[in-house]
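**Student:**
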Amino acid sequence: RCLVGSEMCIRDSCMVIAWPLSNKIGKGRAILFGAILSAIGGAIGFIASDNFWVVTASFIIKAFGSTPAMYLSLALLADILDHQEAKHGFRTDGLTMTIYGAIMAGMTGLATGILNIALNATGYTAEMIPNPTPALQNAMLWIFIGVETICYALIAVTFIFMKVEKHIKEDQEAIKERQKAKALAAGEEWIETE
Numbered sequence: 315r316c317l318v319g320s321e322m323c324i325r326d327s328c329m330v331i332a333w334p335l336s337n338k339i340g341k342g343r344a345i346l347f348g349a350i351l352s353a354i355g356g357a358i359g360f361i362a363s364d365n366f367w368v369v370t371a372s373f374i375i376k377a378f379g380s381t382p383a384m385y386l387s388l389a390l391l392a393d394i395l396d397h398q399e400a401k402h403g404f405r406t407d408g409l410t411m412t413i414y415g416a417i418m419a420g421m422t423g424l425a426t427g428i429l430n431i432a433l434n435a436t437g438y439t440a441e442m443i444p445n446p447t448p449a450l451q452n453a454m455l456w457i458f459i460g461v462e463t464i465c466y467a468l469i470a471v472t473f474i475f476m477k478v479e480k481h482i483k484e485d486q487e488a489i490k491e492r493q494k495a496k497a498l499a500a501g502e503e504w505i506e507t508e
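Just so you know, the sequence shown maps onto residues 315 to 508 in the working numbering.
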């Protein structure tokens, strides 16, 4: 619990790095490189899970790596919504945020359920806390390090193909032209945003 809290604290402290990094290399690439770093950190912790200091270092590396995803993903989602509007002429903000909210709310229950299934399958009891069985240790290793590391690797693979930021300028121009045409067609005066 202490390590997870520390990871969140480190991630929050690294927030000041995320935006300058994204301005230099782009939001998608920052998330990609962060996911790779997090996957490496997770692999280190998974391999040497019996060494407290190695696992602590693993959590710190994962915290650094996950910072861009934590703070840039919604800004990147806005770019995706703009691209979708430029391409198809309509926005899906409501649907997108409904799905996002459902995932965020549902994952807590799902994660708790998976943890409870693992605890039940390993025969966990409160008396095991000072001396956990090897089965319980293995289950916790997979739940708290292994699965997360696999997810970071999958995020990295997904973001290799993320190219939406290349279209930002043309998307903004297309949206502006569509809005201008709509205003003029309705007999309204178009005033440039500048």
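Here a beta-carbon is modelled for each residue, glycine too, at the ideal position from N, C-alpha and C.
If you draw a straight line from the alpha carbon of Ser-380 to that of Ala-425, how long is it in whole angstroms?
**Tutor:** Translated into the one-based positions of the sequence shown, residue 380 becomes position 66. Translated into the one-based positions of the sequence shown, residue 425 becomes position 111. Going by the C-alpha atoms only, they are around 19 Å apart.
**Student:** Do Leu-335 and Lys-376 have their beta-carbon atoms positioned less than 9 Å apart in this structure?
**Tutor:** Walking along the sequence shown from the start, residue 376 turns up at place 62. Walking along the sequence shown from the start, residue 335 turns up at place 21. Not in contact: Lys-376 and Leu-335 (Cβ atoms no closer than 9 Å).
**Student:** Cβ-heavy atom distance between Asn-445 and the ligand SAH below 8 Å?
**Tutor:** This structure lacks the ligand SAH, and indeed carries no ligand of any kind.
**Student:** For Arg-315, collect the residues of the same chain with a Cβ closer than 6 Å to its Cβ; drop the 5 residues on either side in sequence, then sort them by chain order.
**Tutor:** For the purposes of this step, residue 315 is taken as residue 1 along the sequence shown, with counting starting at 1. Its pLDDT being 46, under 50, Arg-315 is placed unreliably in this model, and the value from its coordinates should be taken loosely. Answer for Arg-315: no residue qualifies.
**Student:** May I have the straight-line CA-CA distance separating Gly-460 from Asp-393, to the nearest angstrom?
**Tutor:** Residue 460 sits at position 146 when you count from the first residue of the sequence shown. Residue 393 sits at position 79 when you count from the first residue of the sequence shown. For Gly-460 and Asp-393, the distance between alpha carbons rounds to 31 Å.
**Student:** Assuming the contact rule is C-beta atoms closer than 8 Å, Ile-482 and Ala-383 should be a hit. Round their C-beta distance to whole Å, please.
**Tutor:** As a working mapping, residue 482 is identified with position 168 in the sequence shown. As a working mapping, residue 383 is identified with position 69 in the sequence shown. Contact between Ile-482 and Ala-383 does not hold, since the beta-carbon distance rounds to 19 Å and is not under 8 Å.
**Student:** Could you check the C-alpha separation between Phe-475 and Cys-465 for me, to the nearest Å?
**Tutor:** By 1-based counting over the sequence shown, the position of residue 475 is 161. By 1-based counting over the sequence shown, the position of residue 465 is 151. Cα to Cα, the separation comes out at about 16 Å.
**Student:** Is it buried or exposed for His-402, if we count other Cβ within 10 angstroms and need 16 for buried?
**Tutor:** The sequence position of residue 402 within the sequence shown is 88, counting from 1. Label assigned to His-402: exposed.
**Student:** For Ala-349, I'd like the list of residues in its chain whose CB is within less than 6 Å of its CB, leaving aside the five on either flank, ordered along the chain.
**Tutor:** To locate residue 349, count along the sequence shown from 1; it is residue 35. Once the five neighbours on either side are set aside, the close Cβ partners of Ala-349 are Tyr-466, Ile-469 and Ala-470.
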